[in-house]
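Here is the structure we will look at, set down as structure tokens.
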DNA sequence: TTTGCAAATGAACGGTTGTTCAGTTAGACG
DNA sequence: CGTCTAACTGAACAACCGTTCATTTGCAAA
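Protein chains in written order, with the numbering used here: chain A, 1 to 195; chain B, 196 to 390.
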């Protein structure tokens with residue numbers, strides 16, 4: 001048997017990505033086998049190699065896609081205005097983008113050590129660009145006197161850590177809707193850097 | 196060859212834990228082999244089974260030890276006083292305890308999914324006790340009117356996330372000493388929940 | 001209807017995994 | 001000095017790993 005009815009490259013390809021993402025988020029990259037991914041797609045293990053040169057590239061593509069999506073979404077969000085408004089924009093954007101992508105966040109932050117050095121560097125560079133977007137807002141606010149903090153870079157990392165940590169415990173079926181979470185976190189961020 | 200000079204159970208045992216901790220933090224639980232751990236200890240793979248019934252138990256013991264140490268250290272820190280003072284105490288305690296334990300933090304937060312369900316529940320319960328310590332301080336401060344926040348539980352998780360995220364990027368050989376980091380983070384925490 | 005080829009099979013590859021265990025060794029004890 | 005035993009070796013086990021590839025399949029174009 002081969003090529004079942006209606007089965008095409010444009011269908012199986014995304015299925016492979018989706019299956020890999022879900023399984024890696026659940027069990028970790030090293031713990032997931034190519035045969036598990038294939039089974040979830042409904043295909044034999046060998047067929048996966050029509051869509052990825054190897055397992056490592058599969059992981060890298062997941063992370064690269066996530067970071068590319070993040071940077072593209074941030075760019076097209078086009079947050080403008082005074083630093084205070086932009087900080088609120090960043091905070092709400094971050095939460096809105098990350099909360100519905102729990103699996104991607106998990107993989108992107110937990111599996112960095114399973115990347116080859118050059119792939120690691122490429123992902124890290126993209127993450128850095130995102131961090132710099134926040135840092136720039138904070139510096140602009142400091143310059144205008146609307147924000148006040150001890151160390152801008154450390155504060156950047158602290159705020160990103162707080163926002164990203166949210167993805168690790170928040171459940172979409174939980175007590176609080178996204179909008180409420182947004183409000184709570186924006187309140188914390190706003191006060192933390194207030195002049 | 197067997198039982199080299201001065202080699203005893205009380206020496207090899209901790210060596211196994213230390214090697215497992217370091218390797219798992221670096222590569223992840225599933226990616227580390229028993230033979231790698233054994234090599235780092237300076238022993239054959241079979242000898243590890245004098246110190247752990249299996250690989251899974253080795254991971255669990257690392258996490259259990261970390262959480263037990265954390266709770267014991269918190270209890271004996273005996274932070275007292277008004278809520279404001281206790282919040283500062285918690286913040287500084289958390290940073291002081293976690294910063295020198297980067298490997299433990301990494302493993303304890305990243306490898307939860309590699310635990311069996313019952314082992315996961317035991318670790319989660321201990322983590323919950325620690326979170327509750329912070330939540331209690333925040334509630335006490337709210338009752339006295341010195342703290343003000345939208346949702347106490349979410350704020351608890353947000354602050355813990357911010358503090359824990361620190362361990363993921365801070366390097367002891369970096370630009371800032373622990374004391375300075377403590378001051379920066381305490382500043383952020385204090386302002387974030389200020390009335 | 002025939003042909004061409006993308007897509008998938010399924011078996012096979014060498015290597016590695018966690019774990020077991022009979023046998024070896026070295027230090028402690030009488 | 002001989003005996004005992006905790007500690008360790010080294011080889012073996014079946015199972016499973018990522019990856020390859022000759023072969024088969026079924027859709028699309030001619």
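Cβ atoms here follow ideal geometry from the backbone N, Cα and C, with glycine treated the same way.
Item	Value
Going along chain A, which residues have a C-beta under 7 Å from residue 345 of chain B?	183, 184, 187
Helix or strand or just coil, what does DSSP make of residue 342 of chain B?	strand
Nearest CA to the CA of residue 125 of chain A: which residue from A/64, A/163, A/171, A/25?	A/64
Can you check DSSP and say which residues form a bridge with residue 389 of chain B?	B/342
Could you check how far apart the C-beta atoms of residue 344 of chain B and residue 388 of chain B are, in whole angstroms? I think they sit under 8 Å.	5 Å
So which residues on chain B does residue 45 of chain A lean against when the C-beta distance must stay under 7 Å?	In chain order: nothing, as chain B lies at least about 18 Å away.
Count the C-beta pairs between the segment 153-173 of chain A and the segment 205-214 of chain B that are closer than 8 Å, then say yes if the count reaches three, no if not.	no
Over what stretch of residues does the alpha helix (DSSP H) that includes residue 253 of chain B continue unbroken?	250-272
Label residue 268 of chain B either buried or exposed according to how many other C-beta atoms from any shown protein chain fall within 10 Å of its C-beta, with 16 as the threshold for buried.	exposed
Out of B/282, B/203, B/272, which one is the CA nearest neighbour of residue 341 of chain B?	B/282
Could you list the residues in the segment 154-180 of chain A with a C-beta less than 9 Å from some C-beta on chain B, going in chain order?	154, 155, 157, 158, 159, 160, 161, 162, 163, 164, 165, 166, 168, 169, 170, 175, 176, 180
Measure from the C-beta of residue 110 of chain A to each C-beta in chain B and report whether the shortest distance is under 8 Å.	yes
Is residue 371 of chain B helix, strand or coil by DSSP?	coil
Residue 384 of chain B to residue 365 of chain B, Cα distance in whole Å?	18 Å
Counting only Cβ pairs nearer than 7 Å, list the residues of chain B close to residue 192 of chain A.	383, 386, 387
If you check the beta carbons only, do residue 109 of chain A and residue 164 of chain A fall under 8 Å apart?	yes
Residue 309 of chain B touches chain A at which residues, Cβ-Cβ below 9 Å?	27, 28, 31
How close, in whole Å, do the beta carbons of residue 178 of chain A and residue 99 of chain A come, if the pair is a contact with beta carbons under 8 Å?	6 Å
How is the alpha helix (DSSP H) around residue 304 of chain B delimited, first residue to last?	297-305
Does the pairing of the segment 18-28 of chain A with the segment 78-98 of chain A give three or more beta-carbon distances under 8 Å?	no
Assuming the contact rule is C-beta atoms closer than 8 Å, residue 362 of chain B and residue 297 of chain B should be a hit. Round their C-beta distance to whole Å, please.	6 Å
Looking at the structure shown, is residue 315 of chain B part of a helix, part of a strand, or coil, going by DSSP?	helix
Quick one: measure Cβ to Cβ for residue 380 of chain B and residue 247 of chain B, integer angstroms, because I've assumed they're closer than 8 Å.	Actually they are not in contact, since the Cβ atoms of residue 380 of chain B and residue 247 of chain B sit about 36 Å apart, beyond 8 Å.
Distance, Cα to Cα, residue 370 of chain B vs residue 155 of chain A?	14 Å
With respect to the alpha helix (DSSP H) encompassing residue 154 of chain A, which residues constitute its N-terminal and C-terminal limits?	152-169
Comparing C-alpha positions only, which one of B/227, B/288, B/386 sits nearest to residue 271 of chain B?	B/288
Taking 8 Å as the cut-off, decide whether the C-beta atoms of residue 62 of chain A and residue 32 of chain A are in contact.	no
First and last residue of the alpha helix (DSSP H) that includes residue 36 of chain A?	34-41
What's the C-alpha gap between residue 330 of chain B and residue 338 of chain B?	12 Å
Looking only at C-alpha atoms, which of B/312, B/205, B/266, B/203 sits nearest to residue 324 of chain B?	B/266
When burial is assigned at 16 or more other CB atoms within 10 Å of the CB, is residue 118 of chain A buried or exposed?	exposed
Round the Cβ separation of residue 112 of chain A and residue 123 of chain A to the nearest angstrom and send it over; I've been treating them as touching at under 8 Å.	7 Å
Taking C-beta to C-beta, are residue 290 of chain B and residue 376 of chain B nearer than 8 Å?	yes
Closest by CA to residue 235 of chain B, which one among B/326, B/292, B/310, B/216?	B/216
Residue 282 of chain A by DSSP, collapsed to three states: which one?	Here chain A has residues from 1 to 195 only, and residue 282 of chain A is not among them.
State buried or exposed for residue 114 of chain A, treating a residue as buried only when at least 16 other CB atoms are found within 10 Å of its CB.	buried
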